[in-house]
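Comments concern the structure below.
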Amino acid sequence: MKVGVIRCLQTEDMCPGTTDFKVIRGKKGAFAGVEGEIEIIGFNTCGGCPGKKAVTRAAEMVKRGADTITLASCITKGNPIGFKCPHAEQMLAAIRKKLGDEITVLEYTH
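Numbering that gives the first Met the number 0 puts the first residue of the sequence shown at 0, with every later residue one more than the last.
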(Lines of atoms letter the chains of each structure in order from A and count residues from 1; the text may use other names and numbers.)
(Lines give C-alpha, C1' and ligand atoms only; values in the text may rest on other atoms or scores of the structure.)
Protein backbone atom coordinates (compact mmCIF):
# COMPACT_ATOMS: atom_id res chain seq x y z
CA MET A 1 0.00 0.00 0.00
CA LYS A 2 1.16 3.51 -0.84
CA VAL A 3 -0.80 5.99 1.25
CA GLY A 4 -1.32 9.72 1.27
CA VAL A 5 -2.63 11.27 4.49
CA ILE A 6 -4.77 14.42 4.66
CA ARG A 7 -4.89 16.02 8.10
CA CYS A 8 -6.70 18.99 9.69
CA LEU A 9 -4.96 22.35 9.44
CA GLN A 10 -6.61 23.48 12.70
CA THR A 11 -4.87 20.78 14.75
CA GLU A 12 -1.36 20.98 13.31
CA ASP A 13 -0.05 23.16 16.17
CA MET A 14 -0.98 20.53 18.75
CA CYS A 15 -0.50 17.31 16.78
CA PRO A 16 2.52 16.50 14.64
CA GLY A 17 0.90 13.30 13.36
CA THR A 18 2.84 10.99 15.67
CA THR A 19 -0.07 8.62 16.28
CA ASP A 20 -0.92 8.55 12.57
CA PHE A 21 2.62 7.43 11.78
CA LYS A 22 2.58 4.86 14.61
CA VAL A 23 -0.65 3.20 13.45
CA ILE A 24 0.55 3.11 9.86
CA ARG A 25 3.89 1.59 10.86
CA GLY A 26 2.23 -0.86 13.29
CA LYS A 27 -0.63 -1.71 10.91
CA LYS A 28 -3.28 -0.78 13.45
CA GLY A 29 -6.47 1.25 13.25
CA ALA A 30 -7.56 1.69 9.64
CA PHE A 31 -4.41 -0.17 8.56
CA ALA A 32 -5.09 -3.39 10.48
CA GLY A 33 -5.01 -6.36 8.16
CA VAL A 34 -2.95 -4.67 5.46
CA GLU A 35 -0.54 -7.20 4.01
CA GLY A 36 2.85 -6.10 2.78
CA GLU A 37 4.70 -2.87 3.27
CA ILE A 38 2.96 0.48 3.76
CA GLU A 39 4.77 3.44 2.25
CA ILE A 40 3.74 7.00 3.11
CA ILE A 41 3.67 9.03 -0.11
CA GLY A 42 2.59 12.30 1.47
CA PHE A 43 1.27 13.95 4.62
CA ASN A 44 -0.50 17.25 4.07
CA THR A 45 -3.29 19.39 5.51
CA CYS A 46 -6.76 19.95 4.10
CA GLY A 47 -5.70 23.55 3.47
CA GLY A 48 -8.04 24.94 6.12
CA CYS A 49 -11.80 25.23 6.29
CA PRO A 50 -13.81 24.18 4.42
CA GLY A 51 -11.19 21.69 3.19
CA LYS A 52 -11.43 22.32 -0.56
CA LYS A 53 -7.69 21.88 -1.03
CA ALA A 54 -7.94 18.30 0.26
CA VAL A 55 -9.19 17.21 -3.16
CA THR A 56 -6.29 18.65 -5.16
CA ARG A 57 -3.78 17.56 -2.54
CA ALA A 58 -5.12 13.99 -2.62
CA ALA A 59 -4.93 14.00 -6.42
CA GLU A 60 -1.33 15.21 -6.26
CA MET A 61 -0.42 12.35 -3.90
CA VAL A 62 -1.97 9.90 -6.37
CA LYS A 63 0.15 11.44 -9.16
CA ARG A 64 3.16 10.76 -6.95
CA GLY A 65 2.26 7.10 -6.47
CA ALA A 66 -0.41 6.82 -3.75
CA ASP A 67 -2.96 4.05 -4.26
CA THR A 68 -4.76 4.92 -1.01
CA ILE A 69 -5.80 8.24 0.51
CA THR A 70 -6.87 8.54 4.12
CA LEU A 71 -8.34 11.39 6.08
CA ALA A 72 -6.60 11.52 9.44
CA SER A 73 -8.66 10.99 12.58
CA CYS A 74 -8.38 14.68 13.46
CA ILE A 75 -10.79 15.33 10.58
CA THR A 76 -13.25 12.46 10.94
CA LYS A 77 -13.11 11.68 14.66
CA GLY A 78 -12.08 15.02 16.15
CA ASN A 79 -8.80 13.85 17.71
CA PRO A 80 -7.20 15.54 19.66
CA ILE A 81 -9.56 18.51 20.11
CA GLY A 82 -12.81 16.57 20.44
CA PHE A 83 -14.41 18.33 17.48
CA LYS A 84 -15.05 16.43 14.26
CA CYS A 85 -14.69 18.51 11.10
CA PRO A 86 -18.14 19.66 9.93
CA HIS A 87 -16.87 19.31 6.34
CA ALA A 88 -15.52 15.74 6.67
CA GLU A 89 -18.30 13.99 4.75
CA GLN A 90 -18.20 16.59 1.99
CA MET A 91 -14.41 16.21 1.71
CA LEU A 92 -14.67 12.41 1.52
CA ALA A 93 -17.33 12.61 -1.19
CA ALA A 94 -15.35 15.13 -3.24
CA ILE A 95 -12.12 13.12 -2.96
CA ARG A 96 -13.90 9.90 -3.98
CA LYS A 97 -15.54 11.64 -6.93
CA LYS A 98 -12.23 13.12 -8.13
CA LEU A 99 -10.14 9.97 -7.69
CA GLY A 100 -12.64 7.33 -8.83
CA ASP A 101 -12.92 3.69 -7.82
CA GLU A 102 -9.30 2.76 -8.55
CA ILE A 103 -8.06 4.60 -5.45
CA THR A 104 -8.98 3.40 -1.96
CA VAL A 105 -10.19 6.17 0.36
CA LEU A 106 -10.03 5.47 4.09
CA GLU A 107 -12.07 7.52 6.54
CA TYR A 108 -9.70 7.60 9.53
CA THR A 109 -6.25 6.59 10.73
CA HIS A 110 -6.69 5.63 14.40
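The beta carbon of each residue, even a glycine, is placed where N, CA and C say it ideally should be.
If you check the beta carbons only, do residue i and residue j fall under 9 Å apart?
i: ALA111; j: ILE102; result: Only positions 0 to 109 of the chain appear in the structure, and residue 111 is not among them; the question remains open.
i: ARG6; j: GLY16; result: yes
i: LEU105; j: ILE68; result: yes
i: GLU59; j: MET0; result: no
i: THR75; j: THR18; result: no
Residue range of the beta strand (DSSP E) that residue i falls in?
i: LYS1; result: 1-6
i: ILE40; result: 38-44
Quick check on the DSSP output: the alpha helix (DSSP H) that includes residue i runs from which residue to which?
i: THR17; result: 17-25
i: ILE68; result: Careful: ILE68 lies outside any alpha helix (DSSP H), inside the beta strand (DSSP E) at 67-70.
i: VAL33; result: Segment: none, VAL33 is in no alpha helix (DSSP H) and carries neither H nor E.
i: THR103; result: Where THR103 is concerned, there is no enclosing alpha helix (DSSP H), although the beta strand (DSSP E) it sits in stretches over 103-105.
i: THR10; result: No alpha helix (DSSP H) contains THR10, which DSSP labels as neither H nor E.
i: ILE94; result: 87-98
i: THR108; result: That residue, THR108, is in no alpha helix (DSSP H); it is neither H nor E in DSSP.
i: ALA29; result: It is not in any alpha helix (DSSP H) - ALA29 carries neither H nor E in the DSSP assignment.
Given that a residue counts as buried once 16 or more other Cβ atoms are within 10 Å of its Cβ, and exposed if not, what is residue i?
i: ASP100; result: exposed
i: ASP12; result: exposed
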